[in-house]
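*Asks:*
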Amino acid sequence: MADKLTLRHIAKTFEVEGRRVPVLQPVFLGVAEGEFVTIVGPSGCGKSTLFNIVAGLLPPDPGGGLLVDGRPMATTLGRVAYMPQRDLLFPWRTVLDNAVIGLEIQGVPRREARRRALDVIGQFGLAEFAEYYPFALSGGMKQRVALLRTFLFDSDIMLLDEPFGALDALTRSILQEWLAGVCGTYRRTILFITHDVEEAIFLGDRVVVMTARPGAVKLEVPVGLERPRSPALVTSESFVALKKQILDAIRDESLRSFATQARVEEPE
Amino acid sequence: MTPAGRRRRALVDAIVQVAALGGLVGGWELIVRLLGVPRSIVPAPSVIGAELVQIHGLLAAWSAYTMTTALEGYALAVAGGIVLAIVLESSPALERGLFPFFVASQAVPIIAFSAVVILWLGNGPLSKVAIAFYLSFFPITISVVKGLQSCDPAAVALLRTFGAGRAQLLWKLRMPVMLPFLFVAMRIATSTALIGAIVGEWFGDNRGIGTFILQALYAEDTVRLWCGIVCCAAMGVVFYGAVTLVERRLLWWPAPALD
Chain A
0 MADKLTLRHI AKTFEVEGRR VPVLQPVFLG VAEGEFVTIV GPSGCGKSTL FNIVAGLLPP
60 DPGGGLLVDG RPMATTLGRV AYMPQRDLLF PWRTVLDNAV IGLEIQGVPR REARRRALDV
120 IGQFGLAEFA EYYPFALSGG MKQRVALLRT FLFDSDIMLL DEPFGALDAL TRSILQEWLA
180 GVCGTYRRTI LFITHDVEEA IFLGDRVVVM TARPGAVKLE VPVGLERPRS PALVTSESFV
240 ALKKQILDAI RDESLRSFAT QARVEEPE
Chain B
0 MTPAGRRRRA LVDAIVQVAA LGGLVGGWEL IVRLLGVPRS IVPAPSVIGA ELVQIHGLLA
60 AWSAYTMTTA LEGYALAVAG GIVLAIVLES SPALERGLFP FFVASQAVPI IAFSAVVILW
120 LGNGPLSKVA IAFYLSFFPI TISVVKGLQS CDPAAVALLR TFGAGRAQLL WKLRMPVMLP
180 FLFVAMRIAT STALIGAIVG EWFGDNRGIG TFILQALYAE DTVRLWCGIV CCAAMGVVFY
240 GAVTLVERRL LWWPAPALD
């Protein structure tokens with residue numbers, strides 16, 4: 000079966016003050032239909048740059064390209080559901096209207112978009128808050144609204160960039176479990192960036208470990224754990240073994256990156 | 000705060016405000032009477048009040064005339080400012096080329112240009128509308144350009160990934176983000192539009208509250224001069240208040256404080 004999403008030779012070099020700074024070495028990655036792939040790596044490894052390229056916001060260096068269902072895409076803008084790190088909810092829109100903005104841009108009439116949102120809003124635990132404005136919500140709820148917005152956008156490919164990065168540990172673990180459940184219901188093809196190795200294993204069908212900058216795929220670890228997964232899983236033997244394998248690989252890379260750190264910040 | 004608590008606070012605020020205004024007017028009256036200040040320097044509020052009542056028909060008609068020209072110039076400035084700002088924002092080359100002139104126009108007392116406007120457009124209301132317009136137009140344009148540019152690049156990126164084009168970015172993101180900036184400028188522009196309409200009459204007209212003030216000045220009629228001032232103040236406060244009310248209706252979300 001052809002992969003849903005293929006990253007073929009995706010590399011990126013930035014020009015900084017006349018110097019060419021490679022941020023991504025050629026990355027090759029295939030994501031199967033309905034697969035949940037998590038990406039971890041040392042900070043500054045180019046994960047966000049990779050996502051910006053897959054989302055269509057940045058062109059990759061010449062020679063590389065993205066394929067959806069095996070077909071090369073000129074641009075992926077409007078084709079993948081992208082969720083950035085911050086919730087980016089619009090303060091002038093209610094929860095419901097924030098959730099449907101992607102659909103609105105796709106041209107779905109507002110009434111129809113709202114109906115679709117109301118059909119699933121309960122599963123996001125937001126049914127009573129549909130008419131609230133974002134300022135009245137907690138951080139965890141805002142993140143769920145942002146997830147709902149990403150889910151509603153009519154696309155079978157989702158890119159989630161550290162969606163729980165800014166949340167406290169408890170909210171985070173609750174949302175992880177909930178996301179695992181939601182993803183079980185709606186089989187979407189998902190790429191998920193995180194710093195948190197446990198999160199990567201708990202959520203993923205496969206964990207991709209990236210090298211230090213310039214980033215490339217260092218290691219791909221299939222997660223053979225059964226679904227649905229319960230939080231108790233994280234202390235099981237197989238989970239701990241996976242975690243050790245991945246942490247060792249990241250530690251390796253972090254040390255390497257520490258030793259040869261380029262003095263250039265990654266542009267957002 | 001509960002609705003009852005809010006009502007109580009509003010009542011207290013109103014009482015304090017009325018008392019302050021009453022104290023000011025009362026104190027003024029008292030000082031003028033006790034010190035025997037001549038009417039030609041500062042007339043007592045009671046004298047001004049009596050004159051206001053006496054000639055209220057004329058004042059109302061001429062205030063209406065001035066207010067109308069101010070409002071028309073203001074409306075044109077708001078509409079034109081928004082349109083030009085959108086054009087400037089969408090073309091970086093145009094913005095870089097023209098924006099400095101807009102900023103410079105803030106430093107130049109462009110009211111000096113009014114005499115020419117009277118020559119071109121005549122003694123009627125049209126010239127006042129034009130003067131009110133150009134006094135308000137530049138600040139509004141500058142604010143709206145700043146507002147349109149102030150949206151979060153990450154939010155722009157997000158909408159682009161959803162496939163948003165220029166027009167959708169404008170309507171769904173830039174315009175709402177721009178609104179608080181627009182309203183700050185619109186509140187300030189209420190007074191510049193009124194100044195334009197009033198001062199415009201000084202360059203040539205036979206009606207309006209500016210004309211009324213000028214006539215009182217030539218006649219050295221201080222009481223009437225103060226009647227004119229009261230009318231101008233009332234127009235300014237009502238205009239500003241009306242714009243603030245509209246702002247409260249349209250800006251229901253907590254926006255960054257800009258002033």
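Order-wise, the sequence lines are chains A and B. Residue numbering for the first sequence is 0 to 267, as defined by numbering that gives the first Met the number 0. Residue numbering for the second sequence is 0 to 258, as defined by numbering that gives the first Met the number 0. For glycine and all other residues, C-beta sits at the position ideal for the given N, C-alpha and C.
(1) Could you name each continuous alpha helix (DSSP H) segment of 4 residues or more that falls completely within the stretch 23 to 61 of chain A, going from the start of the chain to the end?
(2) Expressed to the nearest angstrom, what Euclidean distance is found between the alpha-carbon atoms of PRO108(A) and ALA126(A)?
(3) Which residues in the same chain as TRP201(B) place their Cβ atom closer than 7 Å to its Cβ, once the five residues preceding and following it in sequence are excluded?
(4) Between LYS171(B) and chain A, is any beta-carbon pair separated by less than 8 Å?
(5) To which residues does DSSP link LEU190(A) through a beta bridge?
(6) Quick one: list the residues of chain A neighbouring PRO175(B), beta-carbon separation under 8 Å, in chain order.
(7) Give the interface partners of LEU157(B) over in chain A, defined as CB-CB distance under 8 Å, in chain order.
(8) Is the shortest distance between the beta-carbon of ALA54(A) and the beta-carbons of chain B less than 8 Å?
(9) On a Cα-Cα basis, can you pick out the residue from PHE152(A), LEU136(A) and HIS194(A) that is closest to ALA98(A)?
(10) Taking only beta-carbon positions, decide if GLN105(B) is within less than 8 Å of chain A.
(11) Taking Cβ positions, are GLU34(A) and THR193(A) nearer each other than 8 Å?
(12) Give the interface partners of GLY123(B) over in chain A, defined as CB-CB distance under 9 Å, in chain order.
(13) Since MET140(A) and THR149(A) are thought to touch, with beta carbons under 8 Å apart, how far apart are those beta carbons, to the nearest angstrom?
(14) Which whole-angstrom value is the C-beta distance of LEU202(A) and LEU178(A), which I expect to be below 8 Å?
(15) In three-state DSSP terms, what is PHE182(B)?
(16) My output table needs one value for GLU94(B): the three-state DSSP class, helix, strand or coil.
(17) Kindly say whether ILE9(A), judged by its beta-carbon, lies nearer than 8 Å to any beta-carbon of chain B.
(18) So with Cβ pairs under 8 Å, would you call ILE38(A) a contact of chain B?
(19) Could you check which residue in MET72(A), ARG143(A) and VAL239(A) has the C-alpha nearest to that of LEU174(A)?
(20) Classify GLU265(A) as helix, strand or coil using the three-state DSSP reduction.
(21) Taking the Cβ atom as the reference point for each residue, do ALA131(B) and TYR73(B) lie within a distance shorter than 8 Å?
(22) Since THR68(B) and ALA196(B) are thought to touch, with beta carbons under 8 Å apart, how far apart are those beta carbons, to the nearest angstrom?
(23) My output table needs one value for GLY162(B): the three-state DSSP class, helix, strand or coil.
(24) What does the Cβ neighbour count give for THR184(A), buried or exposed, with the cut at 16 atoms within 10 Å?
(25) Does any C-beta atom of chain B lie closer than 8 Å to the C-beta of TYR132(A)?
(26) In this structure, how does DSSP classify MET72(A) when only helix, strand and coil are distinguished?
(27) Please compile the residues from chain B whose C-beta is within a distance smaller than 8 Å of the C-beta of GLY64(A).
(28) Closest by CA to ILE38(A), which one among SER256(A), ILE249(A) and ASP68(A)?
(29) Is it the case that the Cβ atoms of LEU181(B) and SER126(B) are separated by a distance below 8 Å?
(30) Looking at the secondary structure, which residues open and close the alpha helix (DSSP H) in which ALA232(B) lies?
(31) Beta-carbon separation of GLY64(A) and PRO71(A) under 8 Å?
(32) For TRP252(B) and chain A, any beta-carbon pair shorter than 8 Å?
(33) To the nearest angstrom, how far is the alpha carbon of LEU6(A) from that of PRO59(A)?
(34) For the alpha helix (DSSP H) that contains LEU216(B), what are its first and last residues?
(35) Quick one: is PHE201(A) near chain B, going by C-beta distance under 8 Å?
(36) Please specify which runs of the beta strand (DSSP E), each continuous and at least 3 residues long, are wholly inside the stretch 198 to 250 of chain A, giving them in chain order.
*Replies:* Looking at the coordinates:
(1) Within the stretch 23 to 61 of chain A, the complete alpha helix (DSSP H) segments at least 4 residues long are 46 to 54, listed from N- to C-terminus.
(2) The alpha-carbon atoms of PRO108(A) and ALA126(A) are separated by roughly 21 Å.
(3) Excluding positions up to five away in sequence, the list reads GLY209 and LEU213.
(4) True, the Cβ-Cβ gap to chain A drops below 8 Å.
(5) LEU190(A) is bridged by DSSP to VAL36(A) and LEU158(A).
(6) PHE89 and TRP91, listed in chain order.
(7) What LEU157(B) touches in chain A: TYR81, PRO83 and LEU87.
(8) Closer than 8 Å: yes.
(9) When each option's Cα is compared against that of ALA98(A), the closest is PHE152(A).
(10) Cβ-Cβ to chain A under 8 Å: no for GLN105(B).
(11) No, these two residues do not count as a Cβ contact at 8 Å.
(12) Within 9 Å Cβ-Cβ: nothing; GLY123(B) doesn't reach chain A, min ~42 Å.
(13) No, MET140(A) and THR149(A) are not in contact; Cβ-Cβ is about 15 Å, not under 8 Å.
(14) That belief holds up - the Cβ atoms of LEU202(A) and LEU178(A) are roughly 7 Å apart, short of 8 Å.
(15) PHE182(B) falls in the helix class under three-state DSSP.
(16) Helix.
(17) Judged by the 8 Å Cβ criterion, ILE9(A) is not in contact with chain B.
(18) No, because no Cβ of chain B sits closer than 8 Å to the Cβ of ILE38(A).
(19) It is ARG143(A) whose Cα lies nearest to the Cα of LEU174(A).
(20) Because GLU265(A) carries a pLDDT of 48, less than 50, the predicted location of this residue cannot be relied on, and no value is offered for it.
(21) In this structure, TYR73(B) lies closer than 8 Å to ALA131(B) by Cβ.
(22) Right, their Cβ atoms sit about 5 Å apart.
(23) Three-state DSSP puts GLY162(B) in coil, outside helix and strand.
(24) Exposed.
(25) Proximity of TYR132(A) to chain B, defined by a Cβ-Cβ separation below 8 Å, is satisfied.
(26) Under the three-state reduction of DSSP output, MET72(A) falls in the coil class, being neither helix nor strand.
(27) GLY64(A) does not reach chain B, its nearest Cβ partner there being about 18 Å away, counting only Cβ pairs nearer than 8 Å.
(28) With distances taken between Cα atoms, ILE38(A) lies closest to ILE249(A).
(29) The Cβ-Cβ distance between LEU181(B) and SER126(B) does not fall below 8 Å.
(30) Looking at the DSSP string, the run of the alpha helix (DSSP H) that includes ALA232(B) is 221 to 249.
(31) Yes. Within cutoff.
(32) By this cut-off, TRP252(B) is an interface position.
(33) Roughly 10 Å separates the two Cα atoms.
(34) Run containing LEU216(B): 207 to 217, per the alpha helix (DSSP H) assignment.
(35) For PHE201(A), the answer is no, since every Cβ of chain B falls outside 8 Å of its Cβ.
(36) Taking only runs of at least 3 residues, the beta strand (DSSP E) segments lying wholly in the stretch 198 to 250 of chain A are 205 to 209 and 216 to 221.
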